[in-house]
Amino acid sequence: MPLLSRHALGALLLFAATAAHAQYVWIGPNGTRQYSDRPPPPGTPASKILKSPGRPALEPSTSPEPPDKSKDAVAPPTLAEQEAAFRQRSKARAEQEQKGQEEAGRRRRLAEHCAAARETQANLASGIRVARIGPDGEKTYMSDEEKAARSEQVRRAVQECR
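Taken in order, the sequence shown gives residues -22 to -1, 1 to 140; the numbers are from mature numbering (1 follows the signal peptide of the UniProt record, and there is no 0).
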């Protein structure tokens, strides 16, 4: 085989290999360049695709687009404003936690009160003699009238628990 045809064949193979090695270059969602032999994900805008096979490489614009300087543009908050906002959020969070703790304590006390009322109602309804210890340390038993009055009080307290 002549030398010229070997070189021509080698150049042809080299040229075909570079065309077969397709490269895609695009700007990813986090702003970095992505290189791949596969096309970019379907949702990538055409303006973000820098190079694709069969298309010349595009250089991304190095100068960022100038922001619109309108009168309505809000300046970023200063450090003092950020700290004041942080303190306000912290104070609101602490107040919210305190309210939550107070509400939890109120619910706990109500649950304890309701449990005691139900227990008292069960004792009064059982028919056993109910004894109390007076201020002088003596045990006294409740009369039927006292039991009926106390039973009515406890019944109202249990109804409020529902």
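By construction, the Cβ of each residue, glycine as well, lies at the ideal position given by its N, Cα and C atoms.
Problem set entry | N- and C-terminal bounds of the alpha helix (DSSP H) containing Ala1 | Residue mapping note: residue 1 aligns to position 23 of the sequence shown, counting from 1. Per the sequence presented here, residue 1 reads as Gln, with Ala not at that position. Unbroken run through Gln1: none, as it is neither H nor E.
Problem set entry | Beta-carbon contacts of Lys117 that lie in its chain and below 6 Å, excluding the five residues immediately before and after | Position 139 of the sequence shown holds residue 117. Once the five neighbours on either side are set aside, the close Cβ partners of Lys117 are Ala109, Ile111.
Exercise. In whole angstroms, what separates the C-alpha of Ser68 from that of Ile27?
Worked result: In the sequence shown, counting from the first residue as 1, residue 68 sits at position 90. In the sequence shown, counting from the first residue as 1, residue 27 sits at position 49. Roughly 45 Å separates the two Cα atoms.
Exercise. Would you say Ser30 and Tyr2 are within 8 Å of each other, going by their C-beta atoms?
Worked result: The residue given as residue 30 occupies position 52 in the sequence shown. The residue given as residue 2 occupies position 24 in the sequence shown. Yes; because the gap between Cβ atoms is below 8 Å, this pair is in contact.
Problem set entry | Where Ala135 sits in the DSSP three-state scheme | For the purposes of this step, residue 135 is taken as the residue at position 157 of the sequence shown. It is helical.
For this session: Could you say which of Lys125, Arg87, Pro17 lies nearest to Gly32 if we only look at CA atoms?
Result: The residue you call residue 32 lines up with position 54 of the sequence shown. Among Lys125, Arg87, Pro17, the Cα nearest to that of Gly32 belongs to Pro17.
Exercise. For Glu138, which option in Glu123, Ala93, Glu124, Ala127 has the closest C-alpha, if you only look at C-alpha atoms?
Worked result: Translated into positions along the sequence shown, residue 138 becomes position 160. If we check each option's Cα against that of Glu138, Ala93 comes out closest.
For this session: Can you check DSSP and say which residues form a bridge with Lys29?
Result: Translated into the one-based positions of the sequence shown, residue 29 becomes position 51. Lys29 is bridged to Val3.
Problem set entry | Alpha-carbon spacing of Ala82 relative to Gly21, whole angstroms | In the sequence shown, the residue the question calls residue 82 occupies position 104. In the sequence shown, the residue the question calls residue 21 occupies position 43. Distance between the alpha carbons of Ala82 and Gly21: 50 Å.
Problem set entry | Whole-angstrom distance between Arg84 and Ala70, CA atom to CA atom | Taking the sequence shown and counting its residues from 1, one reaches residue 70 at position 92. Taking the sequence shown and counting its residues from 1, one reaches residue 84 at position 106. One C-alpha to the other measures close to 21 Å.
Exercise. My guess is that Leu102 and Val132 are in contact by the Cβ rule of under 8 Å, so how many angstroms apart are they, rounded?
Worked result: One-based indexing of the sequence shown puts residue 102 at position 124. One-based indexing of the sequence shown puts residue 132 at position 154. Contact flag correct, Cβ pair sits at about 6 Å.
For this session: For Ala51, name the three-state secondary structure that DSSP assigns.
Result: Within the sequence shown, numbered from 1, the residue matching residue 51 stands at position 73. DSSP places Ala51 in coil when its eight states are reduced to three.
For this session: Would you kindly work out how many angstroms separate the C-alpha atoms of Ile5 and Arg11, rounded to a whole number?
Result: By one-based count along the sequence shown, residue 5 stands at place 27. By one-based count along the sequence shown, residue 11 stands at place 33. Taking the straight line joining both Cα atoms gives about 5 Å.
Exercise. From which residue to which residue does the beta strand (DSSP E) around Thr56 run?
Worked result: Numbered from 1 along the sequence shown, position 78 holds the residue referred to as residue 56. Counting along the chain, Thr56 falls outside any beta strand (DSSP E), and DSSP gives it neither H nor E.
Exercise. Roughly how many angstroms lie between the CA atoms of Ala(-12) and Pro54, to the nearest whole one?
Worked result: Position 11 of the sequence shown, counted from the start, is the residue given in the question as residue -12. Position 76 of the sequence shown, counted from the start, is the residue given in the question as residue 54. In a straight line, the C-alpha of Ala(-12) is about 59 Å away from that of Pro54.
Problem set entry | Cut-off 6 Å between Cβ atoms - residues of its own chain near Met120, not counting five sequence neighbours on either side | The count along the sequence shown starts at 1 and reaches residue 120 at position 142. Around Met120: Val108.
For this session: Return the CA-CA distance between Pro23 and Arg86, expressed in angstroms with no decimal places.
Result: In the sequence shown, counting from the first residue as 1, residue 23 sits at position 45. In the sequence shown, counting from the first residue as 1, residue 86 sits at position 108. Using only the alpha carbons, I get a separation of about 58 Å.
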